[in-house]
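To start, the structure under review is shown below, and the notes come after it.
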Amino acid sequence: MTLVAGVDSSTQTCKVTVRELETGALIREGKASHPPTTIVHPDAWWDALLRAVQRAGGLDDVSAISVSGQQHTPVFLDAQGGVVCDSPLWNDLGSHAQMVDLNRELGRDEWIRRTGLPLTLSDTVTKIRWLRDVDPDAARRTAAVAVVHDWLTWRLRGFGPGTGGLDQLTTDRSEASGTAYWSGDTGEYCLDLFEHAFGRLVELPRILGPLDQAGVTGPGIPGIPAGIAVGVGSGDNAAAALALELTAGDAVLSLGTSGVVYTRSATPVHDYTGEVCSYADATGEHLPLVATLNAARNFELGAGLLGCDYAGLSELALQAPPGAEGLTLLPYFEGERTPDLPHARGSLHEASLTNFTRANFARAVIEGTLAGQMVMLDALRACGVSVGRLMLIGGAAQSVAVQQILTQMVDLPVSVPGLDEYVAKGAAMQAASALSGTFPRWPVEFTFLPRVPLEGRISDQHRAAKVRLGYEATASPPA
Amino acid sequence: MQPTITIDIGTTSVKLCMFGADGLLLSSARQDTPTTADAWGEVYDLTSLRAAVVGFIQSLPPAQRGLAKRIAITGVGESGGLVRPDLTLASPMILWHDHRGADRLAALGPAERSEITRITGLPVNANYGLSKVAWAVEEAGAAVDGAQWLNIAEYLAALMTGKRWSEFSLASRTMALDLRSGSWSVAVCGLLGVGTEVFPELRSAGEGSRIGRGFAEEAGLLDDVQVHVAGHDHMVGAVGAELGRGELLNSTGTTEGLLFLREEPYLEDGAEHLKLASGISCTGEDFTLFASIPTGGSAFASLQSMLGLSAAQLSACITVLHERYLAGGVRWDEIPLVLPQFRGSPPPGKDAKARGVITGLGTGTSAEDIVLGCFLGMVLQFRDVLELFPSRPERLKVIGPASRNPLWLQLKADLLGMPLSVSGFPEVVSRGAQALASGLPGDWDGCEPVDLPVNAIRAVDLNQWAAEVRPRWEYMKGVPA
Numbered sequence: 001m002t003l004v005a006g007v008d009s010s011t012q013t014c015k016v017t018v019r020e021l022e023t024g025a026l027i028r029e030g031k032a033s034h035p036p037t038t039i040v041h042p043d044a045w046w047d048a049l050l051r052a053v054q055r056a057g058g059l060d061d062v063s064a065i066s067v068s069g070q071q072h073t074p075v076f077l078d079a080q081g082g083v084v085c086d087s088p089l090w091n092d093l094g095s096h097a098q099m100v101d102l103n104r105e106l107g108r109d110e111w112i113r114r115t116g117l118p119l120t121l122s123d124t125v126t127k128i129r130w131l132r133d134v135d136p137d138a139a140r141r142t143a144a145v146a147v148v149h150d151w152l153t154w155r156l157r158g159f160g161p162g163t164g165g166l167d168q169l170t171t172d173r174s175e176a177s178g179t180a181y182w183s184g185d186t187g188e189y190c191l192d193l194f195e196h197a198f199g200r201l202v203e204l205p206r207i208l209g210p211l212d213q214a215g216v217t218g219p220g221i222p223g224i225p226a227g228i229a230v231g232v233g234s235g236d237n238a239a240a241a242l243a244l245e246l247t248a249g250d251a252v253l254s255l256g257t258s259g260v261v262y263t264r265s266a267t268p269v270h271d272y273t274g275e276v277c278s279y280a281d282a283t284g285e286h287l288p289l290v291a292t293l294n295a296a297r298n299f300e301l302g303a304g305l306l307g308c309d310y311a312g313l314s315e316l317a318l319q320a321p322p323g324a325e326g327l328t329l330l331p332y333f334e335g336e337r338t339p340d341l342p343h344a345r346g347s348l349h350e351a352s353l354t355n356f357t358r359a360n361f362a363r364a365v366i367e368g369t370l371a372g373q374m375v376m377l378d379a380l381r382a383c384g385v386s387v388g389r390l391m392l393i394g395g396a397a398q399s400v401a402v403q404q405i406l407t408q409m410v411d412l413p414v415s416v417p418g419l420d421e422y423v424a425k426g427a428a429m430q431a432a433s434a435l436s437g438t439f440p441r442w443p444v445e446f447t448f449l450p451r452v453p454l455e456g457r458i459s460d461q462h463r464a465a466k467v468r469l470g471y472e473a474t475a476s477p478p479a
Numbered sequence: 480m481q482p483t484i485t486i487d488i489g490t491t492s493v494k495l496c497m498f499g500a501d502g503l504l505l506s507s508a509r510q511d512t513p514t515t516a517d518a519w520g521e522v523y524d525l526t527s528l529r530a531a532v533v534g535f536i537q538s539l540p541p542a543q544r545g546l547a548k549r550i551a552i553t554g555v556g557e558s559g560g561l562v563r564p565d566l567t568l569a570s571p572m573i574l575w576h577d578h579r580g581a582d583r584l585a586a587l588g589p590a591e592r593s594e595i596t597r598i599t600g601l602p603v604n605a606n607y608g609l610s611k612v613a614w615a616v617e618e619a620g621a622a623v624d625g626a627q628w629l630n631i632a633e634y635l636a637a638l639m640t641g642k643r644w645s646e647f648s649l650a651s652r653t654m655a656l657d658l659r660s661g662s663w664s665v666a667v668c669g670l671l672g673v674g675t676e677v678f679p680e681l682r683s684a685g686e687g688s689r690i691g692r693g694f695a696e697e698a699g700l701l702d703d704v705q706v707h708v709a710g711h712d713h714m715v716g717a718v719g720a721e722l723g724r725g726e727l728l729n730s731t732g733t734t735e736g737l738l739f740l741r742e743e744p745y746l747e748d749g750a751e752h753l754k755l756a757s758g759i760s761c762t763g764e765d766f767t768l769f770a771s772i773p774t775g776g777s778a779f780a781s782l783q784s785m786l787g788l789s790a791a792q793l794s795a796c797i798t799v800l801h802e803r804y805l806a807g808g809v810r811w812d813e814i815p816l817v818l819p820q821f822r823g824s825p826p827p828g829k830d831a832k833a834r835g836v837i838t839g840l841g842t843g844t845s846a847e848d849i850v851l852g853c854f855l856g857m858v859l860q861f862r863d864v865l866e867l868f869p870s871r872p873e874r875l876k877v878i879g880p881a882s883r884n885p886l887w888l889q890l891k892a893d894l895l896g897m898p899l900s901v902s903g904f905p906e907v908v909s910r911g912a913q914a915l916a917s918g919l920p921g922d923w924d925g926c927e928p929v930d931l932p933v934n935a936i937r938a939v940d941l942n943q944w945a946a947e948v949r950p951r952w953e954y955m956k957g958v959p960a
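Protein sequence lines, in the order shown, are assigned to chains P and U. So the first sequence is numbered by my numbering: it starts at 1 and just counts up by one. So the second sequence is numbered by my numbering: it starts at 480 and just counts up by one.
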């Protein structure tokens with residue numbers, strides 16, 4: 001039996017899954033936590049990967065490995081391959097000023113025209129400008145910039161502090177597309193944009209094709225045999241899309257730490273309204289995507305305030321009517337990326353003596369979270385991308401309340417793939433492709449949610465609350 | 480004083496007390512205010528209310544019951560119904576916050592509204608009795624049959640005595656009383672198509688009527704008991720608190736009231752837009768200037784329910800927050816800003832459709848933070864309403880449930896920069912009712928007041944926070960309902 005390993009180095013944890021090459025069946029897995037802060041030393045990610053490998057029983061019987069990771073987050077390397085400084089994560093809000101500066105300097109539309117990205121504080125280019133601004137000495141010592149999966153892949157190949165070999169750094173289209181110095185139209189880096197942001201050029205990872213191999217593992221890595229194939233790897237959403245076998249017309253709603261809605265497109269999009277990011281996928285096509293900072297963590301906060309667990313939150317929410325009798329939550333607890341409100345905080349609206357109940361509050365938390373995702377779906381459609389089916393994934397996808405409420409808010413068939421680690425699974429498929437030169441066809445089981453009448457009041461309330469706080473200009477629905 | 484049975488019909492509960500001649504509380508009971516719904520809104524369940532009153536009196540030890548010389552009844556303003564001479568009802572007995580007559584007011588033009596305010600001292604609002612009277616008269620048609628509008632307290636007195644009359648402070652809340660003349664206004668009633676004959680004779684709280692023999696026998700009372708309508712609960716509280724001109728009464732309960740006594744009614748130009756309510760006091764000797772904040776203690780009951788806290792847990796939470804506040808341990812930038820308009824807004828907006836808003840929720844926000852935010856929102860709201868009055872109080876007296884809440888009191892004193900005089904006795908309104916029925920003044924010292932000074936150091940922190948959030952606060956208040 002040939003085994004392959006897929007690694008998901010996400011914001012919160014590192015997950016390693018070992019699967020059978022032929023069927024994709026999960027054989028074993030291991031997990032390790034990442035630090036909860038938004039500025040992290042990259043060694044924490046490497047250490048977590050090794051711990052997760054150990055908890056997965058080691059990889060001595062595995063023939064190939066590939067890594068997917070959180071998009072955007074840079075790792076700054078010196079000429080010898082050492083880490084220069086701690087890395088700001090994609091969700092660190094400290095780079096807001098740099099985002100504003102870069103948009104002002106080149107024009108917001110120019111970034112969209114060149115890269116397909118409405119520049120946000122999450123994109124790698126704002127992080128490198130941030131380093132230049134806040135730690136010029138670290139910026140001076142930086143000889144290469146990679147993102148997390150690039151760097152972990154490079155480490156797996158035996159490179160690291162003191163080894164040099166920056167020219168051996170590799171990445172893939174999906175990761176390059178999240179930097180905001182890559183063009184989906186040309187498939188090449190926009191070096192002038194990097195230089196503009198950072199003040200000079202440095203080594204950037206070589207961009208591999210979807211079925212390329214990054215190399216083989218290096219010697220002396222605990223739990224990982226030397227010489228096994230290392231797949232190209234990808235960004236987390238691209239890996240999940242690969243595992244879900246996303247086709248044109250499918251959209252994915254992922255409720256994880258962040259909320260993400262994406263679909264597949266043969267061509268890049270350029271959304272001058274500034275909501276859709278034109279990323280690349282792991283197959284050679286494109287992955288137009290909209291994201292919010294606040295998603296599943298909203299449920300954690302809601303459950304905490306109500307003194308219950310997730311199941312209790314779900315149970316309470318189902319006791320309340322659609323619209324929660326008017327109680328409306330804008331869940332911008334950590335600021336927000338879509339819409340661009342980095343300094344906003346959550347707000348609860350239309351509270352009265354009669355509707356301020358536990359059930360209504362629980363429902364408002366879920367409705368508010370999902371309403372933010374529905375707006376993103378509208379944004380994708382506005383780019384001319386057709387959406388005919390919605391898949392619900394992520395940690396919160398199994399909540400009965402989330403499933404039921406979602407079907408009341410979206411006029412699409414909704415399916416829920418069976419429980420799996422889809423990012424790690426997509427990475428494992430890339431590991432498999434490093435062996436066979438083609439992506440395996442591993443089955444996915446879907447549960448199709450029953451269609452119910454739409455409850456338009458939920459989105460109406462959400463929109464009205466945004467208008468009230470000045471986050472949206474008018475109460476009229478988007479075209 | 481006269482040994483007195485007091486009945487205080489509040490929004491959420493009915494308080495029943497028996498006071499001795501020395502003013503000591505001998506017995507008391509409390510039960511939920513019995514209400515029910517009809518096709519238009521919420522109305523009193525009069526059968527249950529009567530049974531509760533009779534049951535309380537019957538439950539008194541015979542020695543106490545035999546002492547009783549007075550029954551004094553207070554109630555929320557603005558409630559009422561049409562009562563025929565035989566005391567049958569020609570309409571439901573409608574609650575104060577029921578707006579079933581609102582469309583009668585919608586047709587009024589600005590000039591008519593100004594005239595109403597100039598005569599009655601009230602901003603035009605469907606809470607007040609007149610629009611409900613117009614609705615009830617129209618609904619009753621020919622069945623009005625000599626019916627007159629009685630407040631819930633007045634109705635209970637009528638049941639006991641067979642007489643119908645209206646007390647001045649309650650009449651002041653009908654929006655039909657000419658403040659200067661102290662009589663029903665033909666002009667104002669005419670604007671809503673109502674004749675003044677639908678309103679009963681006017682009396683001060685000191686003028687009672689002898690109890691009816693039948694009621695006395697049923698309740699086990701002697702037939703020399705005098706029944707008094709003591710008046711509007713907040714105004715009766717002013718008597719209990721021995722409120723003087725220049726002093727402010729802060730009466731707390733389901734709602735929160737601010738009350739000044741004045742020599743003249745406040746009817747100056749511009750007063751209309753402040754939406755403060757002028758009226759006549761229970762003694763008939765003063766004019767009142769009053770504002771009601773619709774969401775008082777009920778905000779905390781809602782919060783307690785929403786957060787799943789027991790009364791003991793909420794109390795412990797308040798203790799912890801109070802200690803943290805005094806120790807300077809509040810992280811002000813983490814406290815959500817709560818606009819507690821959970822049942823409409825206070826003056827000058829006075830919009831029944833306004834709703835509560837909470838902003839500033841972060842991933843680290845705890846239930847305690849929200850509780851503190853709610854108290855802070857309450858005192859900010861209180862400050863705003865106090866700023867509407869034409870003068871600063873020389874002294875601030877606090878009565879009601881807030882007097883047992885150290886955090887709420889300290890925040891209020893510190894935000895206002897003003898010490899509070901806080902009642903140590905829980906039923907000041909009932910004490911005021913006994914005083915009125917006995918024809919005697921109130922006795923603040925008898926309420927065992929405690930002085931709460933401003934904490935000068937914490938007041939700086941609190942006012943700095945209040946200044947920082949003020950733009951956001953004003954924005955939240957300005958958002959249309």
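Even for Gly, the Cβ is constructed at its ideal location relative to N, Cα and C.
Excluding the 5 residues flanking P:Ser-10 on each side, which residues of the same chain have their C-beta closer than 8 Å to its C-beta? His-34, Gly-69, Gln-70, Asp-236, Gly-256, Thr-257, Val-423
The alpha helix (DSSP H) enclosing U:Trp-944, as first and last residue numbers: 935–957
Find the residues of chain P that neighbour U:Ser-492, judging by a C-beta separation of less than 8 Å, and give them in chain order. Result: empty, since nearest Cβ-Cβ is about 15 Å, beyond 8 Å.
Same chain, Cβ closer than 6 Å to P:Val-416, five either side skipped, listed in chain order: Leu-392, Ala-397, Thr-447
From U:Arg-659, U:Lys-876, U:Ala-632, residue whose alpha carbon lies closest to that of U:Gly-724: Before going further, note that residue 724 of chain U is Arg rather than Gly in the sequence given. The option with the nearest alpha carbon to U:Arg-724 is U:Lys-876.
Ends of the alpha helix (DSSP H) at P:Met-409? 400–409
Can you check DSSP and say which residues form a bridge with U:Met-497? U:Ile-484, U:Ser-506
Test: U:Gly-911 CB closer than 8 Å to a CB of chain P: no
Compute the distance between the beta-carbons of P:Arg-337 and P:Ala-291, then report whether it is under 8 Å. yes
Report the CB separation of P:Val-75 from P:Val-148 in whole angstroms; it is logged as a contact under 8 Å. 6 Å
Scan the stretch 164–215 of chain P and note each continuous alpha helix (DSSP H) run of 4 residues or more that stays entirely inside, going in chain order. 173–176, 191–198
Best match in P:Met-99, P:Ile-405, P:Glu-315, P:Arg-129 for proximity to P:Pro-118 [C-alpha to C-alpha]: P:Met-99
Pair every Cβ in the stretch 346–354 of chain P with every Cβ in the stretch 319–333 of chain P, then say whether three or more of these pairs are closer than 8 Å. yes
Does the CB of U:Ala-846 have a neighbour CB from chain P at under 8 Å? yes
Consider the Cβ of P:Ser-476: report whether some Cβ of chain U lies at a distance smaller than 8 Å. Summary for P:Ser-476: the model assigns pLDDT 46, below 50, so the residue's position carries little reliability; its value from the coordinates is reported in the next sentence. No - not a single Cβ of chain U is within 8 Å of the one on P:Ser-476.
At the 8 Å Cβ level, is P:Phe-480 part of the contact set with chain U, yes or no? The structure shown does not extend to residue 480 of chain P, since chain P is modelled only from 1 through 479, so no value can be given for it.
Applying the 10 Å Cβ sphere with the 16-neighbour rule, what's the burial state of U:Leu-552? Sequence check: residue 552 of chain U is Ile here, not Leu. It counts as buried.
Do we get a CB-CB distance below 8 Å when we pair U:Arg-810 with the residues of chain P? no
U:Arg-874: first and last residue of the uninterrupted beta strand (DSSP E) it sits in: 874–878
Pull up the distance between the alpha-carbon of P:Arg-140 and that of P:Asp-271, whole angstroms please. 35 Å
What whole-angstrom Cβ distance do U:Ile-814 and U:Leu-886 have, given they're in contact under 8 Å? 13 Å between Cβ atoms; not a contact.
Interface partners of U:Leu-504 on chain P, CB under 7 Å: By Cβ distance, chain P contributes nothing, its closest Cβ being about 30 Å from U:Leu-504, past 7 Å.
The beta strand (DSSP E) that contains U:Arg-810, what's its start and end? Segment: none, U:Arg-810 is in no beta strand (DSSP E) and carries neither H nor E.
Beta-carbon proximity list for P:Thr-23, same chain, < 6 Å, skipping 5 on both sides: none
For U:Glu-847, the three-state DSSP class (helix, strand or coil): helix
U:Ile-1033 versus U:Gly-699: straight-line alpha-carbon distance, rounded: This structure leaves residue 1033 of chain U out entirely; chain U is present only between 480 and 960.
For U:Leu-941 and U:Thr-767, what's the separation of their Cα atoms in angstroms? 31 Å
Rounded straight-line distance, which links the Cα of P:His-196 to that of P:Ser-177: 17 Å
May I have the straight-line CA-CA distance separating P:Pro-478 from U:Leu-786, to the nearest angstrom? Residue confidence is low: P:Pro-478 scores 36 on pLDDT, short of 50, so the model does not pin down where it sits. Its coordinate-derived value is still stated next. If I take the Cα positions, the gap works out to 35 Å.
So, helix, strand or coil for U:Cys-926, using DSSP? helix
Contacts of U:Thr-838 in chain P (Cβ-Cβ under 7 Å): Arg-345, Ser-347
Contact list for U:Ile-849 against chain P, beta-carbon separation under 9 Å: Leu-305
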